[in-house]
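Mapping the first sequence onto numbering that gives the first Met the number 0, position 92 (from 1) lands on 91, and the numbers just tick up by one.
A virtual CB, placed ideally from N, CA and C, is assigned to each residue, including glycine.
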Amino acid sequence: MKLKLGIRSIGEAGKHAFNHNRQIIQLGKLGKVEEAIRIFFNMTHKNLVTYNSMISVLAKNARIRDARQLFDQMSLRNLVSWNTMIAGYLHNNMVEEASELFDVMPERDNFSWALMITCYTRKGKLEKARELLELVPDKLDTACWNAMIAGYAKKGQFNDAKKVFEQMPAKDLVSYNSMLAGYTQNGKMHLALQFFESMTERNVVSWNLMVAGYVKSGDLSSAWQLFEKIPNPNAVSWVTMLCGLAKYGKIAEARELFDRMPSKNVVSWNAMIATYVQDLQVDEAVKLFKKMPHKDSVSWTTIINGYIRVGKLDEARQVYNQMPCKDITAQTALMSGLIQNGRIDEADQMFSRIGAHDVVCWNSMIAGYSRSGRMDEALNLFRQMPIKNSVSWNTMISGYAQAGQMDRATEIFQAMREKNIVSWNSLIAGFLQNNLYLDALKSLVMMGKEGKKPDQSTFACTLSACANLAALQVGNQLHEYILKSGYMNDLFVGNALIAMYAKCGRVQSAEQVFRDIECVDLISWNSLISGYALNGYANKAFKAFEQMSSERVVPDEVTFIGMLSACSHAGLANQGLDIFKCMIEDFAIEPLAEHYSCLVDLLGRVGRLEEAFNTVRGMKVKANAGLWGSLLGACRVHKNLELGRFAAERLFELEPHNASNYITLSNMHAEAGRWEEVERVRMLMRGKRAGKQPGCSWIEVQNQIQHFLSHDPAKLRPKNIQIILNTLAAHMRDKCNTSDMKSAFDIL
DNA sequence: ATAGGGTTAG
0 MKLKLGIRSI GEAGKHAFNH NRQIIQLGKL GKVEEAIRIF FNMTHKNLVT
50 YNSMISVLAK NARIRDARQL FDQMSLRNLV SWNTMIAGYL HNNMVEEASE
100 LFDVMPERDN FSWALMITCY TRKGKLEKAR ELLELVPDKL DTACWNAMIA
150 GYAKKGQFND AKKVFEQMPA KDLVSYNSML AGYTQNGKMH LALQFFESMT
200 ERNVVSWNLM VAGYVKSGDL SSAWQLFEKI PNPNAVSWVT MLCGLAKYGK
250 IAEARELFDR MPSKNVVSWN AMIATYVQDL QVDEAVKLFK KMPHKDSVSW
300 TTIINGYIRV GKLDEARQVY NQMPCKDITA QTALMSGLIQ NGRIDEADQM
350 FSRIGAHDVV CWNSMIAGYS RSGRMDEALN LFRQMPIKNS VSWNTMISGY
400 AQAGQMDRAT EIFQAMREKN IVSWNSLIAG FLQNNLYLDA LKSLVMMGKE
450 GKKPDQSTFA CTLSACANLA ALQVGNQLHE YILKSGYMND LFVGNALIAM
500 YAKCGRVQSA EQVFRDIECV DLISWNSLIS GYALNGYANK AFKAFEQMSS
550 ERVVPDEVTF IGMLSACSHA GLANQGLDIF KCMIEDFAIE PLAEHYSCLV
600 DLLGRVGRLE EAFNTVRGMK VKANAGLWGS LLGACRVHKN LELGRFAAER
650 LFELEPHNAS NYITLSNMHA EAGRWEEVER VRMLMRGKRA GKQPGCSWIE
700 VQNQIQHFLS HDPAKLRPKN IQIILNTLAA HMRDKCNTSD MKSAFDIL
């Protein structure tokens, strides 16, 4: 009797534990770790599964250290406990820790081997994964083989993937899909289609892969055709197609699809909300958010981010406050919102109050400090964070680079164990930002030696640095490199090349690149037009504008900045005015301060100062320093002291520490013989402690950068350069009215 | 009920 009762009570306790274990797992999936932990501690009858489940939940919710602690505390472990812990490390990208456990575990099964192989493939250590695959005792278990195929396929090593695929004794559908994923994820849709059609058996995952592949490669109509043929589309199929439409701006079509979905899950709702957020239609997003039956943390976070993206921080905070269970993602979202609005100290307070930071949260705070130039605080956090990922390291590298501390950036870079493309890009961009071309180029070469191929952003950032520095020689070398590495068809790279050549004064090369690009976009046109403008080719700019219109490319704000500045550089005031009018009336573009700035420059140069000033008075946007600077310059040339003084005073408000504004005004007074005024402005300048940044320019001659500082001692210059400068000065004196050009001679 | 391999949302 007693025994029976005992057994029954154990049975009931077991049932109890069973239910609690399930609860723990479910809460873990919802990200509610704290609640899961509470249940765990309140359980009187914990069994082995309870511990295993708790370890899994902790590991998957950024509490990997707690997970390990619990694992170590267990008096009895089974194989699942070991596998769960290894899976936890896999989830947190901690391969070394996983490998240590794998080495000491008492026995291994197929799960253990597959886990470890996946660990290595995720880190890109394919040789290591391959070694392990050879050692797997059970050759018929497909998971290990499949993990290996996926590893090769994701890296684009199709031949290796295919070899493993053909070698494996028993294939299942996942093996086929892993191969297929390799093709679709790497944009090889031709191969993908071939493989897909050769498959005798397909499931919805195979179809979904194809649709996603077409979406990714920009072939929306093929994606749609395939989507419509899917025998039993599931939620993933619908969401993939929806996001495909959203990606190409077809918001209304995406909504239509959403309304047609037979069964919507949370992900479907979240995808639609994210689509509206991405399109900055936050009100629409909120409407759906309020309607959706079950909100999860992604739904809440999307709305919070949506409000932040449109600058409504208060609304974001309200939503956050209403959120029932604030997980780390939501906390980080709001914290980033504070950072983006420059409220970094509030963000830091919030950071301190967060209990369990994950890597993303640490990284966001570090990025916040780093972007505001507070590198000491960034470093402090970086040192404190328990687990760093590549983003953490890269943030520090670009932070130091922006702060002009390339020695520190290099130190961080060298201390990094696994450098990725972004690390190299950050370092190279840093060198370029700090005018260290040679170091940048050396890094580019070193990067190649270490087996890392530069990507489009390597080229885009190096080219834009070359453009800003007019470093033509480096730009040319990059161009050759780009041609060799096959990135010429990338629009980012192509457009950066156009801009580089244009800014280096090589209009013909810019045109050549423009012609070589297979399918130009608006940015390509804008780069070309700005290039013409910059180099004084107004007629070419006009022609390009006509041609782009005939090809049905619709100009934007930037196009018109280019067009107006083309007119301005060529002294074509009336055409400029016409274009300005056309922009507003025919293209419904609201002029920005930059457009007005061009207009003022345009009118000011030809002496139409009254009109320039009336333009400024009539404008709706706030005038910027560039605009007042143009007006002041024009007033000096055309000797309008009264208006010049007005413009100068606005400039003193906007940039009180910029000495050149004070100097221009004081020179104007001097030229008019008003010596008391000269003294007054000089006093004002001293009062504001305005410092003069010496005028600086440089050109590249035979791979050497030659710097020129205004008023630098002539003896520091090479003799031949000084001779050229003197000759130039003589030419200028010959052509111009000396008193007007006085400032131009400052450099000589 | 807890651990592995292929597809979707922040």
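Exercise for the section: Consult DSSP for Asn657 and reduce its assignment to one of helix, strand or coil. Expected result: For the purposes of this step, residue 657 is identified with residue 658 of the first sequence, where counting begins at 1. Strand.
Exercise for the section: State the DSSP-derived secondary structure class of Lys311, mapped to helix, strand or coil. Expected result: Residue numbering aside, residue 311 sits at position 312 when the first sequence is read from its first letter. The answer is coil: DSSP assigns Lys311 none of H, G, I, E or B.
Problem - Residue nearest to Ile396 in terms of C-alpha spacing, selected from Asn379, Val421, Gln383 and Met384 - result: Position 397 of the first sequence, counted from the start, is the residue given in the question as residue 396. When Asn379, Val421, Gln383 and Met384 are compared, the shortest CA-CA separation from Ile396 is found for Val421.
Exercise for the section: Would you tell me roughly how many angstroms separate the C-alpha atoms of Asn231 and Arg129, rounded to the nearest one? Expected result: For the purposes of this step, residue 231 is identified with residue 232 of the first sequence, where counting begins at 1. For the purposes of this step, residue 129 is identified with residue 130 of the first sequence, where counting begins at 1. Straight-line Cα distance between these residues: approximately 36 Å.
Handout entry: Ala459 beta carbon less than 9 Å from that of Val492
Key = In the first sequence, counting from the first residue as 1, residue 492 sits at position 493. In the first sequence, counting from the first residue as 1, residue 459 sits at position 460. Yes, the Cβ-Cβ distance between Val492 and Ala459 is below 9 Å.
Practice task
Grab the span of the alpha helix (DSSP H) containing His293 for me, first residue to last.
Solution key: Counted from its first residue, the first sequence places residue 293 at position 294. Neither: His293 is in no alpha helix (DSSP H) and is coded neither H nor E.
Exercise for the section: Determine the contact status of Val615 and Val599, defining contact as a CB-CB distance below 9 Å. Expected result: Within the first sequence, the letter at position 616 stands for residue 615. Within the first sequence, the letter at position 600 stands for residue 599. With respect to the 9 Å criterion, Val615 and Val599 are classified as neighbours on the basis of their beta carbons.
Exercise for the section: Leaving aside the five residues before and after Glu283 along the sequence, list all residues of the same chain whose C-beta is less than 8 Å from its C-beta, in chain order. Expected result: Locating residue 283 in the first sequence gives position 284, where the first residue counts as 1. If we look at Glu283 and ignore the five residues flanking it on each side, its Cβ neighbours are Tyr275.
Practice task
Indicate whether Val473 and Tyr436 have their beta-carbon atoms separated by less than 9 Å.
Solution key: As a working mapping, residue 473 is identified with position 474 in the first sequence. As a working mapping, residue 436 is identified with position 437 in the first sequence. Yes, the pair counts as a contact, with Cβ atoms nearer than the cut-off.
Exercise for the section: Pull up the distance between the alpha-carbon of Met334 and that of Tyr319, whole angstroms please. Expected result: Residue numbering aside, residue 334 sits at position 335 when the first sequence is read from its first letter. Residue numbering aside, residue 319 sits at position 320 when the first sequence is read from its first letter. If I take the Cα positions, the gap works out to 11 Å.
Problem - 6 Å CB neighbourhood of Arg649 in its chain, flanking five on each side removed - result: In the first sequence, the residue the question calls residue 649 occupies position 650. Apart from the 5 residues on each side of it in sequence, Arg649 sits with its Cβ closer than 6 Å to the Cβ of Trp627 in its chain, given in chain order.
Handout entry: Ile23 to Glu95 span [Cα, whole Å]
Key = The sequence position of residue 23 within the first sequence is 24, counting from 1. The sequence position of residue 95 within the first sequence is 96, counting from 1. Rounded to the nearest angstrom, the two C-alpha atoms are 28 Å apart.
Exercise for the section: Report, in whole angstroms, the separation of the C-beta atoms of Asn494 and Ile522, which I expect to be a contact under 8 Å. Expected result: For the purposes of this step, residue 494 is taken as residue 495 along the first sequence, with counting starting at 1. For the purposes of this step, residue 522 is taken as residue 523 along the first sequence, with counting starting at 1. Between Asn494 and Ile522 the beta-carbon gap is near 5 Å, inside 8 Å, which marks them as a contact.
Handout entry: Distance CB(Ile583)-CB(Met562) smaller than 9 Å
Key = If you number the first sequence from 1, residue 583 lands on position 584. If you number the first sequence from 1, residue 562 lands on position 563. One thing to note: Ile583 has its Cβ no nearer than 9 Å to the Cβ of Met562.
Handout entry: Beta-carbon proximity of Leu139 to Cys118, cut-off 9 Å
Key = On the first sequence, position 140 is the one that residue 139 refers to. On the first sequence, position 119 is the one that residue 118 refers to. Contact flag unset, no.
Practice task
Measure the alpha-carbon distance for Ser221 versus Glu227 and round it to whole angstroms.
Solution key: Sequence index remark: in the first sequence, residue 221 carries index 222 (1-based). Sequence index remark: in the first sequence, residue 227 carries index 228 (1-based). Taking the straight line from one Cα to the other gives about 10 Å.
Handout entry: When His356, Ser55, Gly212 and Val519 are compared against Val552, the one with the closest alpha-carbon
Key = On the first sequence, position 553 is the one that residue 552 refers to. Considering only alpha carbons, the answer is Val519.
Handout entry: Cα-Cα separation between Gly617 and Leu608, rounded to whole angstroms
Key = Along the first sequence, one-based indexing puts residue 617 at 618. Along the first sequence, one-based indexing puts residue 608 at 609. The straight-line gap from Cα to Cα measures roughly 14 Å.
Practice task
Return yes when the Cβ of Leu29 is within less than 9 Å of the Cβ of Cys324, no when it is not.
Solution key: If you number the first sequence from 1, residue 324 lands on position 325. If you number the first sequence from 1, residue 29 lands on position 30. Contact flag set, yes.
Practice task
Would you tell me roughly how many angstroms separate the C-alpha atoms of Phe164 and Ile229, rounded to the nearest one?
Solution key: Along the first sequence, one-based indexing puts residue 164 at 165. Along the first sequence, one-based indexing puts residue 229 at 230. Taking the CA atoms as reference points, Phe164 sits about 25 Å from Ile229.
Problem - Run of the alpha helix (DSSP H) containing Glu675, from where it starts to where it stops - result: As a first step, residue 675 must be located in the first sequence, where it is residue number 676. That run of the alpha helix (DSSP H) goes Trp674 to Gly686.
Practice task
May I have the straight-line CA-CA distance separating His19 from Lys387, to the nearest angstrom?
Solution key: Position 20 of the first sequence holds residue 19. Position 388 of the first sequence holds residue 387. Their Cα atoms are separated by approximately 34 Å.
Handout entry: Contacting residues, own chain, Cβ-Cβ under 8 Å from Lys14 (five flanking each side not counted)
Key = Looking up residue 14 in the first sequence gives position 15. Cβ within range, chain order: n/a, list empty.
Problem - Straight-line Cα distance separating Phe40 from Lys289 - result: As a working note, residue 289 is residue 290 in the first sequence. As a working note, residue 40 is residue 41 in the first sequence. Going from the Cα of Lys289 to the Cα of Phe40 covers about 35 Å.
Handout entry: Of the residues Thr394, Cys465, Phe541 and Gln404, the one placed nearest Arg505, counting alpha carbons only
Key = In the first sequence, the residue the question calls residue 505 occupies position 506. It is Cys465 whose Cα lies nearest to the Cα of Arg505.
Problem - Reference Arg76; option with closest CA among Leu471, Asn51, Phe350 and Glu641 - result: Stepping through the first sequence from its first residue, residue 76 is reached at position 77. Measuring C-alpha to C-alpha distances from Arg76 to each of Leu471, Asn51, Phe350 and Glu641 identifies Asn51 as the nearest.
Practice task
Decide if Asp347 is buried, meaning its Cβ has at least 16 other Cβ atoms within 10 Å, or exposed.
Solution key: On the first sequence, position 348 is the one that residue 347 refers to. Around the Cβ of Asp347, a 10 Å sphere holds 16 or more other Cβ atoms; the residue is buried.
Exercise for the section: Identify which residue in Ile578, Ser659, Ala414 and Ser80 has its Cα closest to the Cα of Phe110. Expected result: In the first sequence, the residue the question calls residue 110 occupies position 111. Taking Phe110 as reference, the option from Ile578, Ser659, Ala414 and Ser80 with the minimal CA-CA separation is Ser80.
Problem - Ile497 versus Ile516: straight-line alpha-carbon distance, rounded - result: By 1-based counting over the first sequence, the position of residue 497 is 498. By 1-based counting over the first sequence, the position of residue 516 is 517. Each residue's alpha carbon lies about 10 Å from the other.
Problem - Reference Glu200; option with closest CA among Lys170, Val214, Leu190 and Met188 - result: Position 201 of the first sequence, counting from 1, holds the residue named residue 200. With distances taken between CA atoms, Glu200 lies nearest to Lys170 out of Lys170, Val214, Leu190 and Met188.
Handout entry: Proximity winner among Lys249, Pro292, Arg679 and Glu255, relative to Val266 (alpha-carbon distances)
Key = In the first sequence, the residue the question calls residue 266 occupies position 267. Looking only at Lys249, Pro292, Arg679 and Glu255, the smallest Cα-Cα distance to Val266 is reached by Pro292.
Exercise for the section: Identify whether Lys436 lies in helix, strand or coil by the three-state DSSP scheme. Expected result: As a position in the first sequence, residue 436 is number 437, starting the count at 1. Reading the sequence as shown, one finds Tyr at residue 436 and not Lys. Helix, per DSSP.
Practice task
Taking only the alpha-carbon atoms, compute the straight-line gap between Val204 and Arg514 and give it to the nearest angstrom.
Solution key: Walking along the first sequence from the start, residue 204 turns up at place 205. Walking along the first sequence from the start, residue 514 turns up at place 515. Cα atoms of Val204 and Arg514: separation of roughly 41 Å, rounded to the nearest angstrom.
Exercise for the section: Answer with buried or exposed for Thr331, where buried requires no fewer than 16 other C-beta atoms within 10 angstroms of its C-beta. Expected result: The sequence position of residue 331 within the first sequence is 332, counting from 1. Taking all protein chains in view, the Cβ of Thr331 is crowded by 16 or more other Cβ atoms within 10 Å, so the residue is classified as buried.
Practice task
Tell me whether Phe257 is buried or exposed, calling it buried when 16 or more other Cβ atoms sit within 10 Å of its Cβ.
Solution key: As a position in the first sequence, residue 257 is number 258, starting the count at 1. Counting Cβ neighbours within 10 Å, Phe257 comes out buried, since at least 16 surround it.
Exercise for the section: Compute the beta-carbon to beta-carbon distance between Ala537 and Leu571, rounded to the nearest angstrom, for a pair I have assumed lies under 8 Å. Expected result: Taking the first sequence and counting its residues from 1, the one referred to as residue 537 is at position 538. Taking the first sequence and counting its residues from 1, the one referred to as residue 571 is at position 572. With 8 Å as the limit, Ala537 and Leu571 qualify as a contact, their Cβ atoms being about 6 Å apart.
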